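Data first, discussion second: the structure below is written as structure tokens.
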Amino acid sequence: MQTGYRFRCYPSPAQQAVLLRWIGCQRFIFNAKVGDDRYYRAFQRKTLSLAGQHAPIDQEYARLKDAELMP
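The sequence shown runs 53 to 123 under our numbering.
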């Protein structure tokens, strides 16, 4: 059973710049969300476990977007 395809592409220099920028933005957002998750889990362990509550799940990605790039 084939579950995916592997292919090779040869982007132009302009396409390479766009791909590198996109990968950099994706990495920034991923690292920010991992940091937020670590903060919320530490918060939950230290304070909310005493009260029997769970930490809220943060779904806010809009604050990581640049208003000039993403209106």
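Glycine residues also receive a C-beta, built at the ideal position from the N, C-alpha and C atoms.
All values reported here derive from a predicted model rather than from experimental measurement.
Span of the alpha helix (DSSP H), counted from its first residue to its last, around residue i
i, result
"K98", "Neither: K98 is in no alpha helix (DSSP H) and is coded neither H nor E."
Backbone CA spacing between residue i and residue j [nearest angstrom]
i, j, result
"T99", "V86", "20 Å"
"G56", "S64", "25 Å"
"Q54", "Y92", "39 Å"
"Y62", "A84", "31 Å"
Any non-hydrogen atom of the ligand MG within 8 Å of residue i CB
i, result
"A94", "With respect to small molecules bound, the structure shown includes none, and the ligand MG cannot be examined in it."
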